[in-house]
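Residue numbers (mature numbering (1 follows the signal peptide of the UniProt record, and there is no 0)): -19 to -1, 1 to 984.
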């Protein structure tokens, strides 16, 4: 077809050439010149001056970036303006360059739409527009360019769907559309482009299954579909693409096992990237047959079993990424594969952290390729010592051995790894001193040695690590003084020396003292200082106020004295100041951040006074004098002091007696005065098998919920882990803690504890631990067919009485929150997935991540709340007024409950596809009552009509009318929650009497 179209076009040109023979050259040359001039005029910025040559003093064929054909009277065939930093648009005039074969405009800042006039360029073979800001859709008339071989539109802002018409370009070999904003699914029609050898559709928001039709592209060598929302399995037809060198499918939701013979069916593989999916099963040992393999990345999946020793046969292997799986056999010999990897002389990256690997760390690790740059083994069950030969890996940039079971000392040979940038050995059982040879690591920027048994002093040689950003030596047995060299590091951002036995430091004059080093003030990049739980003395240095970027200062649990420097209040970014449990005295400043009590912790400093009222410190007083200016005499003061002491003791006695009496009257409330049990990150990691996907029982906007078993008590728990990368997750955690701190009700989910700190990678970690609800969520009972794990779950259902009880439980919880708390609480996210059921099918309302504690007895939050504080919730359950900017209100909760109530008895989601435009769940039910009652209720309830009679239909109608009253559009028209509770109890009592007399109440 390519030859035919070219011949036809050339024949037409020859037919008409005689008519224009006299002036053809002038006309055609002028057409190209005008088109190029229009392109120049559409470019608003030319930082490299590439268009300076585009002027009348030179023939346009000599303009920079322009190439012409000598066969066709100097017509433009190539336009190459790539990587010039150009800003502007591509005008429609480009379609007049009718002999153009190659367009290279990639790596610039072109914007606007891709002109459809490009479809006129019938000779076009290559068009590269990647890494620009083009908008709009892919021109569908590119199908006219029958000679087109390569399309590269990667990394733009293109929208719409991927056109099916692209499959009509007969000779297309490379199609790159990745990193755009397309929607929809991968067109199966792409499987018709038999000449395609490269397809890049990464990061374009595609969804659905991968079409099996792509398995017909027998010439395919490079296939990249990563970072989308693709689901299902890899089509079996893919394993027929024997020419594949790159198969890249990471960051999707793909699942299934890899075939055992994958290495035989895809023998030419060089890059296999399947990370961040849901693949299971073992890693096939047949991969060793793909002898050209350079990269294997299976990170963050569910692969299990052993790591094949056969990988050691892959001579070209440079990257192995297996972290974040459940690899391990519990045999105690899971590290044997490392010995075989010593044959891989090109290996640069080995990531196997975050698995269940068990066994001793082999000495052979020191014999891995000297090309190794990244070695990550952390968070496994690896024992033994750090090999003395670790210094052989001279090109290492990262060494991660954190949270293993290593003992012994840190070998001095580690100082030979002078290219090391990150060293993580925290969370082990290492002993001995920190080797001074670490000072040889002059490129090091992150040093984490915390949570070991290291002792001795901090070596002054660390001061040679002039690029150090983070230093964490906390939770060890380090003593002695702090070298001044360490606190003179110009780049240091975070210092954590907490929980040691440090007693002194070198001050600027090199004399021993017990003070916090004033040299800290010269570390202008510091953001975090944690030196709590040591033995520092003297005062807080004024020089700390020089640290303008400081956001956390923790000096708690030391022996500091003196006043808190008022100059600290001027630090613009300080978020945490903890100086609790020292011997500080004097007046607390009232300027700058000292006016925000939530960022200051002063507990345990009995001599502090003043400050803002929220700190609740005693006032600062001066010695009293009488009218004559003389101090009160001891004879007068003594009786006053005795009287005051007696009054305090007397009051304390009655307060204690009162509290004991109240505790005896209400044992439950007494137990609640005790603090939550303390649960560490390590305990949660154990309880949930490393937050295994097998333990995942739910996920939402701000986090995931895991089932766990506390090892000591063997108690089941539910752990809600917040995804702190998601905007608003931290705020949701705080909201949940605030809301649940002082509320208790049988129908509210019981909070056991909270955990806020860092995980084993040093990332912030926040979780709330709840009592585990064995019967799951109401969602799983109302819609079992969509989330059931087995046939038993699929057939579960709720009878009418159970539904009534659940509705009453949820309404009772809301009544408590709205009417019986000290300040009304708006839940803000009432929906089936947030209603949990215990063994007795009692409902408990959970997930207070969007809750609002109203500042006064009011129906809504104050008007000064920002729009970002308004309730978000789930579409369908959210009150209409929230969409118009109204603040959180108890009427909003009533609306959500009304929708929930309708869903409980109809099993119809408010987000069902049937609800479009003005038709919603409320209106659908309102129009169906009373005549079509049995058409709208859950079919699982209809059979009860035959056995119980009219009371069932009367009960259902009454409940649905209550739901309608709660979900009225205007807040003022909705029922009050206390009336809802009373009405539902009334319905239940009448139903249980099973008689027409009771049913008459509902008419």
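Idealized CB from N, CA, C, for every residue including glycine.
Counting along the chain, where does the beta strand (DSSP E) carrying residue i start and finish?
i: residue 381; result: 379 to 381
i: residue 888; result: Premise fails: residue 888 is in no beta strand (DSSP E) and is neither H nor E.
i: residue 904; result: Careful: residue 904 lies outside any beta strand (DSSP E), inside the alpha helix (DSSP H) at 902 to 909.
i: residue 57; result: 56 to 61
i: residue 688; result: 684 to 690
i: residue 341; result: 339 to 341
i: residue 229; result: 227 to 229
Measure the C-alpha to C-alpha separation of residue i and residue j and round it to an integer number of angstroms.
i: residue 755; j: residue 820; result: 6 Å
i: residue 441; j: residue 482; result: 17 Å
i: residue 276; j: residue 252; result: 5 Å
i: residue 139; j: residue 412; result: 57 Å
i: residue 795; j: residue 962; result: 9 Å
i: residue 64; j: residue 89; result: 6 Å
i: residue 1068; j: residue 470; result: Lying before the first or after the last residue shown, residue 1068 is absent from the chain, which here runs from -19 to 984.
i: residue 294; j: residue 671; result: 31 Å
i: residue 203; j: residue 236; result: 21 Å
i: residue 193; j: residue 704; result: 34 Å
i: residue 817; j: residue 681; result: 15 Å
i: residue 595; j: residue 873; result: 32 Å
i: residue 736; j: residue 224; result: 51 Å
For a quick check, are the C-beta atoms of residue i and residue j less than 9 Å apart?
i: residue 238; j: residue 258; result: no
i: residue 240; j: residue 270; result: no
i: residue 940; j: residue 882; result: yes
i: residue 514; j: residue 542; result: no
i: residue 557; j: residue 576; result: no
i: residue 84; j: residue 110; result: yes
i: residue 91; j: residue 122; result: no
i: residue 751; j: residue 684; result: no
i: residue 451; j: residue 429; result: yes
i: residue 169; j: residue 207; result: no
i: residue 559; j: residue 536; result: yes
i: residue 158; j: residue 125; result: no
i: residue 106; j: residue 86; result: no
i: residue 1066; j: residue 945; result: Because the chain is modelled from -19 through 984, residue 1066 falls outside the range shown and cannot be assessed.
i: residue 805; j: residue 871; result: yes
i: residue 589; j: residue 567; result: yes
i: residue 165; j: residue 189; result: yes
Does the beta-carbon of residue i have 16 or more other beta-carbons within 10 angstroms, so that it is buried, or is it exposed?
i: residue 587; result: exposed
i: residue 186; result: exposed
i: residue 710; result: buried
i: residue 313; result: exposed
i: residue 956; result: buried
i: residue 943; result: buried
i: residue 115; result: buried
i: residue 953; result: exposed
i: residue 570; result: buried
i: residue 717; result: buried
i: residue 268; result: buried
i: residue 688; result: buried
What are the boundary residues of the alpha helix (DSSP H) that includes residue i?
i: residue 321; result: 318 to 322
i: residue 234; result: Run containing residue 234: none in the alpha helix (DSSP H); it sits in the beta strand (DSSP E), 234 to 238.
i: residue 245; result: 243 to 246
i: residue 800; result: 781 to 800
i: residue 668; result: 662 to 668
i: residue 962; result: 958 to 974
i: residue 533; result: Run containing residue 533: none in the alpha helix (DSSP H); it sits in the beta strand (DSSP E), 533 to 535.
i: residue 920; result: 920 to 923
Problem - Three or more C-beta pairs below 8 Å linking the segment 369 to 385 and the segment 343 to 350 - result: yes
Practice task
Evaluate contact between the segment 122 to 135 and the segment 162 to 174, counting only Cβ atoms and requiring at least three cross-stretch pairs below 8 Å.
Solution key: no
Practice task
Please determine if the segment 306 to 313 and the segment 282 to 298 are in contact, where contact requires at least 3 C-beta pairs separated by less than 8 Å.
Solution key: yes
Exercise for the section: Count the CB pairs spanning the segment 387 to 402 and the segment 414 to 431 that are closer than 8 Å, and state whether there are at least three. Expected result: Taking a cut-off of 8 Å for Cβ pairs, the segment 387 to 402 and the segment 414 to 431 touch, as three or more such pairs fall below it.
Exercise for the section: Answer yes if the segment 68 to 77 comes into contact with the segment 36 to 48, meaning at least three C-beta pairs across the two stretches below 8 Å, and no otherwise. Expected result: No, because fewer than three Cβ pairs between the segment 36 to 48 and the segment 68 to 77 fall closer than 8 Å, the two stretches do not touch.
Problem - Any 3 or more C-beta pairs closer than 8 Å across the segment 376 to 394 and the segment 688 to 704 - result: no
Handout entry: At least three beta-carbon pairs within less than 8 Å, the segment 948 to 967 to the segment 786 to 805
Key = yes
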